[in-house]
Amino acid sequence: MNLQCASCDTPFNIGDRFCEECGVSLATIQSVIQTDVKAVGDPNPLFIQTANQKPCTKCTSIDIDLDGFCNQCGHRNPIPRDHQEVVFSPNFAAISDRGIRHSRNEDAFAIDRLPDGTHILVVCDGVSSSTDPGSASTLASQTACQSIVQDLNQGISPEVTLKSAIARASAAVTQLGHQLNAKGEPPSTTIVAAIALPPTSVNVAIHLAWVGDSRAYWLSDAICEGLSDGSSDSNSIPLTQDHSWMNEVVVAGEMTLIEAEASPNAHAITRWLGADSYNDEGPSHDEPSFAQYVVTQSGQLMVCSDGLWNYAPEPSALRDLMHQSPTDGDTIYQIKHCLNFALECGGQDNITIAVLNIPDK
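Numbering (the numbering used here), first residue to last: -15 to 345.
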C-alpha cells in the first residue's frame, strides 16, 4: 500500500508518526491512499480513498476533513475528486463532477481502450444513504473495468466478460463493507458497463450490463438495431432500463406511469452492489441486466449517472445537447457542454458522463 504525505506527497509507511521530508504529523493529516486494485477477483481488493493532499489554502491548517473543509477556519479546499476528466482521444472521454448541492463526489468512472480498438466505459453512482459511497463507486468501476480488460485480452466473449465483471465488482464492494464494518447501511453503488467492439465493415457491436439506474444511451441521427431483444429501430434510444421502483410497479400494472412518477418512491433503486444486496427470498438485488446492440452508422455511445439524465431523460434531448456544443469536434467539449447544462439546471447531484464517438466509416 503506497501512502503519501498530504502536505508534500512524500511516501511514508504505516506506523510512521512524522513525515521525514516536511516534518508534519501523520497522525492528524488527511493522507491519500493510492493503490491499484489487486489482481481481479482477489477476495480482499484494496480500494482508493481520495482525501485532501494539501493544507488549508486560507489558514494553512492541516486539520482537513474528507469533504475538504478545514476544521479550524471552515474554508473548503477543492479536492481532486470534485472534478475529474480523462481524455483518451478526440472521440473518447469522460468527466465526473461534484455538482453544486453535494459536498463530495460519490460518482466514479473508468474507461479504457484495447489495442484492437475495443472501448470500455464504466460509470458508478454511490448510494448516498450508504456508508462511504464514494469508495464503493470507485472500487466497483475500477474492478469492473480491469476485469473486462483482463477477460477480453484472454479471448473471453463480451457476454461472459460482463457477467464476470459485475460479479467481481459486487464481491469487491461487499468485501469493502466487511472491511469497514459499517454500522449503518454498508457501502453501495449502481453500475453500468459498456463494451464497444472494433467496427466491422459496416457495424459496431455494443454489449451492456447494469445494476441500478445509471444509464447508457445511443445518440444519433442513424439507426440502432436491437440484437438481444428485437427492439424496434430508432435514431436515439435508451440502451438500459432502470432498476427502479417506478419501472417495477408500471411493468406489474400496479400504477400508470403518471401515477408512479408522482410518487416519492419513483426513483428509488431496486438493485445495487453492496453487502446488503443479497435477498434470501428471491433474486439478489445485485442481479444485473444485459443487452446487446449493433449500430450501423455514426453516433455516440453515452454512459452517465442520474445527475445528468434527471435533467434530460429523453435521448433526443441528450443528442441535441451534444450537438449544441459551441466547440465542434472533440468529444470532451461536448461532454463539458452537457455538464454545464446540468449545473445550470441546479446541479442537485453528482454528474458523471462517459462518451465514445463512433464516426462515419
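Every residue, glycine too, gets a C-beta built ideally from N, C-alpha and C. Here the structure is a predicted model, which is why all the values come from computation and not from measurement.
If you run the structure through DSSP and keep just helix, strand and coil, what is residue i?
i, result
"residue 277", "strand"
"residue 152", "helix"
"residue 306", "helix"
"residue 90", "coil"
"residue 194", "strand"
"residue 343", "coil"
"residue 322", "helix"
"residue 334", "coil"
"residue 184", "coil"
"residue 257", "strand"
"residue 172", "strand"
"residue 203", "strand"
"residue 300", "helix"
"residue 159", "helix"
"residue 223", "coil"
"residue 286", "strand"
"residue 328", "helix"
"residue 316", "helix"
"residue 179", "strand"
"residue 250", "coil"
"residue 347", "This structure cannot settle anything about residue 347, because the visible part of the chain is limited to -15 through 345."
"residue 48", "strand"
"residue 236", "coil"
Taking the C-alpha atoms as reference points, what is the distance between residue i and residue j?
i, j, result
"residue 309", "residue 318", "5 Å"
"residue 108", "residue 196", "9 Å"
"residue 343", "residue 53", "44 Å"
"residue 56", "residue 199", "41 Å"
"residue 105", "residue 97", "9 Å"
"residue 288", "residue 79", "10 Å"
"residue 128", "residue 332", "27 Å"
"residue 99", "residue 253", "36 Å"
"residue 241", "residue 234", "6 Å"
"residue 257", "residue 337", "20 Å"
"residue 231", "residue 273", "14 Å"
"residue 152", "residue 131", "8 Å"
"residue 68", "residue 134", "25 Å"
"residue 190", "residue 66", "30 Å"
"residue 201", "residue 271", "21 Å"
"residue 321", "residue 305", "7 Å"
"residue 269", "residue 255", "4 Å"
"residue 43", "residue 182", "52 Å"
"residue 60", "residue 115", "22 Å"
"residue 313", "residue 81", "22 Å"
"residue 239", "residue 284", "34 Å"
"residue 18", "residue 226", "Confidence at residue 18 is low in this model, with a pLDDT of 32, below 50, so the placement of that residue should be treated as unreliable; the coordinate-derived value is given next. Cα to Cα, residue 18 sits roughly 32 Å from residue 226."
"residue 259", "residue 223", "27 Å"
"residue 41", "residue 90", "23 Å"
"residue 138", "residue 184", "20 Å"
"residue 145", "residue 58", "46 Å"
"residue 92", "residue 46", "26 Å"
"residue 48", "residue 158", "28 Å"
"residue 75", "residue 167", "44 Å"
"residue 147", "residue 249", "29 Å"
"residue 143", "residue 94", "19 Å"
"residue 71", "residue 237", "44 Å"
"residue 290", "residue 63", "22 Å"
"residue 303", "residue 294", "15 Å"
"residue 179", "residue 39", "40 Å"
Going by the CB atoms, is the gap between residue j and residue i shorter than 8 Å?
i, j, result
"residue 286", "residue 192", "no"
"residue 340", "residue 103", "yes"
"residue 77", "residue 335", "no"
"residue 154", "residue 261", "yes"
"residue 194", "residue 175", "yes"
"residue 149", "residue 177", "yes"
"residue 110", "residue 101", "no"
"residue 251", "residue 282", "no"
"residue 205", "residue 187", "no"
Using 7 Å as the cut-off, classify the Cβ of residue i as near or not near the heavy atoms of the ligand MG, replying yes or no.
i, result
"residue 302", "This structure lacks the ligand MG, and indeed carries no ligand of any kind."
Touch check for the stretch 160 to 174 and the stretch 234 to 249: three-plus C-beta pairs under 8 Å?
-> no
Do three or more CB pairs link the stretch 85 to 95 to the stretch 313 to 328 at distances below 8 Å?
-> no
Is it a yes or a no for the stretch 110 to 128 touching the stretch 170 to 182, going by three-plus beta-carbon pairs under 8 Å?
-> yes
For the 8 Å Cβ check, are there 3 or more pairs between the stretch 296 to 304 and the stretch 273 to 281?
-> no
Contained alpha helix (DSSP H) runs [length at least 4] in the stretch 66 to 142, N- to C-terminal order | 117 to 137
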